[in-house]
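Participant: Numbering (the UniProt record's numbering), first residue to last: 1 to 446.
Where a beta carbon is used, it is the ideal one built from N, C-alpha and C, also for glycine.
Keep in mind it's a predicted model, so treat the numbers as computed, not measured.
Questions regarding the structure given below will be posed in turn.
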Amino acid sequence: MNALLLIHLIQKISSYYGRCPSTSDSRCTLEKYDIDEYQGFFPSVAHEKLPKSFDIWEAHLADANGRLILGEVEDADFAETESTREWREVIDNWPVLTTESLEDEPRLLQRAHTVLAWLVQHYAHSIPTDRTEPIRIPKSLAVPLVRVSKILRMAPILTFADTVLWNARPRDHRRPLSMDNVRFENTFSGTEDEENFYRSSASVELRGVEVIQIIHRYLNLDDPQNRINESGLRSDLLRLKTVLQELTELMEGVKEAVDPRVFYWQVRPWFDGNGSGGGRRWVYEGVAESAVVDTSGPSAGQSTIIHAIDAFLGIDHRQLRCPIPSVRKQHGDTAFMDRMRRYMPGLHRDFLDHLDDIPVTIKKVAMERPCLREAYNDAVKALKRLRDIHIRVACLYIVSMARSQPPDGFQRRVNRGLDGARGTGGNHVASLLKSGRDATQNAVLE
Ligand code: HEM
């Protein structure tokens, strides 16, 4: 290759990658959305415990983890059931603590959200299910949870952030968070399967950091339509495809680490939100009803990374399924992904809003440039493949399990009959996920 041509090529490549030259430059934009350059949506440093004045919350949560009896268990040991009831009674007698001292400290507010949301879930789902009256969430939990959620601009209930992002701790604090160096502080069931379930989502989040870097490079381009950026964009789209293939493998890896029966019967019932699957309604005492609109349970549908990939590639989830399946199967919920955003920490949601507002999207550039079209389509197809595999996983863990016999001592989950194989948000799993898969397929450019 002649020297001039080589210099020209180097200039082209560095003009593309040169947009994000120094660490400090890339940090400042992502930092604004509370995104870490190396750990993505995980906080750069794992949360510390709340100050001493909140010890009752912290200690009571530590006492509940892996110990309380799920309300659906019929023939639990009497002493264990009694001890679970006493655990709830302690909360009934708590004062309503003010969170004012935490309100200038985002990390402490996040920690308060996590602790309170886990306590609420332990409280609600340890109540025996043979009762019919609404579940009262005592004001000692409800009032501060709603208050901190309002400041964090997220739903006042256990979310993906509380179970995965803010629940993860490095085993060795001297080393950064990685799949070899992570544990999860809270679990309901105390099973390894539950921890592995969070671990598989965490692996997708951590591998997804490279996607954030790709998106960030795009955001920093002055003019994505300038031909000078073409080869950089192409190689980033190819990279995106490869990362998506790896994310698919990581997601599928859940099958090796989590037993579907343990997941469905011992872990999942703890995740149900307010009235999920036709269950009892929850009443947040001391809080106006209008303040607690978003109260579905946690779902990886609240993971910002997958939404960010959608927004970057221009996947439109608001379309109806096309071609329309039979009326019986047309349960797809076109507003689902929008709703899931309300469960994310406000700053992460802002990042998605920012992506939605990109004036010149990568899809538009790919439409205009035949040489980018194939790379764009390959990335979209890799995302569609990820959703195909995810549907299989969800069917294995939820749809098939809804047909299975409960383990000894467990009540049949009547609200989850065959037709009621619903997600934690109360959605018909298969139709909902197929809508997302079809919306992805529809983005492929002719
Ligand atoms: C045993 C493993 C899993 C099961 C049973 C499962 C189940 C589900 C269900 C039922 C839904 C429907 C929404 C709802 O909760 O109501 C859903 C949505 C979703 N899940 Fe999973 N999931 C699993 C693992 C994962 C992992 C590891 C990820 C990666 C972050 C993930 C990402 C998503 C996303 C992004 C959605 C929103 C719908 C979409 O984008 O297609 N899931 N999942």
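1. Nearest-angstrom Cα distance between N196 and F184?
2. Does the beta-carbon of S404 have 16 or more other beta-carbons within 10 angstroms, so that it is buried, or is it exposed?
3. Could you check whether the stretch 292-302 touches the stretch 152-163, counting it as contact only if at least three pairs of C-beta atoms, one from each stretch, sit closer than 8 Å?
4. Got a sec? Which residues, its chain only, sit under 8 Å from residue 449 by beta carbon, not counting five neighbours each side?
5. Are the beta-carbon atoms belonging to S140 and V90 less than 7 Å from one another?
6. Quick one: grab the DSSP three-state call for C28.
7. Does the stretch 285-295 come into contact with the stretch 351-367, if we say contact requires no fewer than three beta-carbon pairs (one atom in each stretch) closer than 8 Å?
8. Spatial neighbours of P21 within its chain, please: CB distance less than 6 Å, with the 5 preceding and 5 following residues excluded, ordered by chain position.
9. When you compare the CB of A64 with every CB in chain D, is at least one pair closer than 7 Å?
10. Helix, strand or coil for D419 per DSSP?
11. Can you tell me which of the three DSSP states E210 falls into?
12. Classify H331 as helix, strand or coil using the three-state DSSP reduction.
13. Relative to the ligand HEM, is the shortest distance from any of its heavy atoms to the C-beta of S400 smaller than 6 Å?
14. Measure the CB-CB distance between D236 and I214 and report whether it falls below 7 Å.
15. Please work out which residues of its chain come closer than 7 Å, Cβ to Cβ, to L445, disregarding the five sequence neighbours upstream and downstream, and give them in chain order.
16. Where does A342 sit, in a helix, a strand or coil, going by DSSP?
17. Give the straight-line distance between the Cα atoms of E230 and D353, rounded to the nearest whole angstrom.
18. So the alpha helix (DSSP H) V164 belongs to, where does it begin and stop?
19. Between the stretch 125-145 and the stretch 63-81, do at least 3 Cβ pairs fall closer than 8 Å?
20. In three-state DSSP terms, what is V243?
21. Between the C-alpha atoms of D75 and T191, what's the straight-line distance to the nearest angstrom?
22. Would you check whether the ligand HEM has a heavy atom nearer than 6 Å to the C-beta of I306?
23. What I want to know is whether the C-beta of M154 ends up closer than 6 Å to one or more non-hydrogen atoms of the ligand HEM.
24. Going by the CB atoms, is the gap between H216 and L152 shorter than 7 Å?
25. Could you tell me whether any non-hydrogen atom of the ligand HEM is closer than 6 Å to the CB of S435?
26. How many Å lie between M401 and V380 at the Cα?
27. Around the Cβ of H428, are there at least 16 other Cβ atoms within 10 angstroms (buried) or fewer (exposed)?
28. In chain order, which continuous runs of the alpha helix (DSSP H) of length 4 or greater are located wholly inside the stretch 277-311?
29. Let me know the alpha helix (DSSP H) ranges lying completely inside the stretch 45-86, each 4 residues or longer, listed in chain order.
30. Helix, strand or coil, according to DSSP, for N93 in the structure here?
31. Where T440 and L247 are concerned, what is the direct C-alpha to C-alpha distance, given to the nearest angstrom?
32. Does D222 come out as helix, strand or coil in the three-state DSSP assignment?
33. Check for me: the alpha helix (DSSP H) holding I391 runs from which residue to which?
34. Once you ignore the five residues that flank K434 on each side, which residues in its own chain have a CB closer than 6 Å to its CB?
35. Between L119 and L61, is the Cβ-Cβ spacing less than 7 Å?
36. When you measure from the CB of A394 to every non-hydrogen atom of the ligand HEM, does any distance come out below 6 Å?
Facilitator: Let me lay it out:
1. The count along the sequence shown starts at 1 and reaches residue 196 at position 196. The count along the sequence shown starts at 1 and reaches residue 184 at position 184. Between N196 and F184, the C-alpha separation is close to 9 Å.
2. In the sequence shown, the residue the question calls residue 404 occupies position 404. An exposed status is given to S404, since fewer than 16 other beta-carbon atoms sit within 10 Å of its beta-carbon.
3. These segments touch.
4. The structure shown does not extend to residue 449, since the chain is modelled only from 1 to 446, so the question has no answer here.
5. Here residue 140 is taken as the residue at index 140 of the sequence shown, counted from 1. Here residue 90 is taken as the residue at index 90 of the sequence shown, counted from 1. Cβ distance not < 7 Å, so S140 and V90 don't count as in contact.
6. Reading the sequence shown from its first residue, position 28 is the one you call residue 28. Only weak support is given to the placement of C28: the predicted model assigns it a pLDDT of 42, under 50, and the question is left unresolved by the model.
7. No, because fewer than three Cβ pairs between the stretch 285-295 and the stretch 351-367 fall closer than 8 Å, the two stretches do not touch.
8. In the sequence shown, residue 21 corresponds to position 21, counting from 1. Caution is warranted here: a pLDDT of 36 is assigned to P21, below 50, making its placement in the model unreliable, and no coordinate value can be reported.
9. In summary, chain D is missing from the structure at hand, where a single protein chain is found.
10. Position 419 of the sequence shown holds residue 419. For D419, the predicted model reports a pLDDT of 45, less than 50, meaning its position is unreliable; a value from the coordinates is still stated below. If DSSP states are grouped into helix, strand and coil, D419 belongs with coil.
11. In the sequence shown, residue 210 corresponds to position 210, counting from 1. Residue state for E210 is assigned as helix, using DSSP reduced to three classes.
12. By one-based count along the sequence shown, residue 331 stands at place 331. Reliability of the predicted coordinates at H331 is poor, the pLDDT of 48 falling under 50, and the value obtained from them is presented with this limitation in mind. For H331, the secondary structure class from DSSP, reduced to helix, strand or coil, is coil.
13. Indexing the sequence shown from 1 puts residue 400 at position 400. Not so, every heavy atom of the ligand HEM lies at least 6 Å from the Cβ.
14. Indexing the sequence shown from 1 puts residue 236 at position 236. Indexing the sequence shown from 1 puts residue 214 at position 214. Contact annotation: D236 and I214 have beta-carbon atoms nearer than 7 Å.
15. To locate residue 445, count along the sequence shown from 1; it is residue 445. Short of 7 Å from the beta carbon of L445, and not among the five residues preceding or following it, lie these beta carbons of its own chain, in chain order: A366, M367, R373, Y376, N377.
16. Counting from one through the sequence shown, the residue named residue 342 turns up at place 342. Residue identity differs from the one stated: residue 342 is Arg in this sequence, not Ala. Coil at R342, not helix or strand.
17. For this step, residue 230 is matched to residue 230 along the sequence shown. For this step, residue 353 is matched to residue 353 along the sequence shown. Going by C-alpha positions, E230 is about 25 Å away from D353.
18. Counting from 1 along the sequence shown, the entry for residue 164 is found at position 164. First-last for V164: undefined, no H or E at that position.
19. Cβ pair count under 8 Å is three or more, so yes.
20. Residue numbering aside, residue 243 sits at position 243 when the sequence shown is read from its first letter. DSSP places V243 in helix when its eight states are reduced to three.
21. Within the sequence shown, residue 75 is the residue found at index 75, counting from 1. Within the sequence shown, residue 191 is the residue found at index 191, counting from 1. Distance between the alpha carbons of D75 and T191: 20 Å.
22. As a working note, residue 306 is residue 306 in the sequence shown. At least one heavy atom of the ligand HEM lies less than 6 Å from the C-beta of I306.
23. The sequence position of residue 154 within the sequence shown is 154, counting from 1. Because no heavy atom of the ligand HEM lies under 6 Å away, the Cβ of M154 does not count as near it: no.
24. Against the sequence shown, residue 152 aligns to sequence position 152. Against the sequence shown, residue 216 aligns to sequence position 216. In this structure, L152 sits away from H216, with a CB-CB distance that is not shorter than 7 Å.
25. The count along the sequence shown starts at 1 and reaches residue 435 at position 435. False, no ligand heavy atom lies under 6 Å from that Cβ.
26. For the purposes of this step, residue 401 is taken as residue 401 along the sequence shown, with counting starting at 1. For the purposes of this step, residue 380 is taken as residue 380 along the sequence shown, with counting starting at 1. Rounded to whole angstroms, M401 to V380 spans 31 Å at the Cα level.
27. Along the sequence shown, one-based indexing puts residue 428 at 428. Answer is buried; the Cβ neighbour count reaches 16.
28. For secondary structure counted as the alpha helix (DSSP H) over 4 or more consecutive residues, the stretch 277-311 holds no complete run.
29. The stretch 45-86 contains, as complete alpha helix (DSSP H) runs of 4+ residues, the segments 55-64 (chain order).
30. Locating residue 93 in the sequence shown gives position 93, where the first residue counts as 1. Looking at N93 - three-state DSSP - the assignment turns out to be coil, as it is neither helix nor strand.
31. Numbered from its first residue, the sequence shown carries residue 440 at position 440. Numbered from its first residue, the sequence shown carries residue 247 at position 247. Straight through space, the alpha carbons of L247 and T440 are spaced by roughly 16 Å.
32. For the purposes of this step, residue 222 is taken as the residue at position 222 of the sequence shown. It is coil, neither helix nor strand.
33. The count along the sequence shown starts at 1 and reaches residue 391 at position 391. Annotation for I391: the continuous alpha helix (DSSP H) segment containing it runs 370-394.
34. Within the sequence shown, the letter at position 434 stands for residue 434. Answer for K434: no residue qualifies.
35. As a working note, residue 119 is residue 119 in the sequence shown. As a working note, residue 61 is residue 61 in the sequence shown. L61 is positioned such that its CB atom lies closer than 7 Å to that of L119.
36. If you number the sequence shown from 1, residue 394 lands on position 394. Correct: A394 has its Cβ closer than 6 Å to the ligand HEM.
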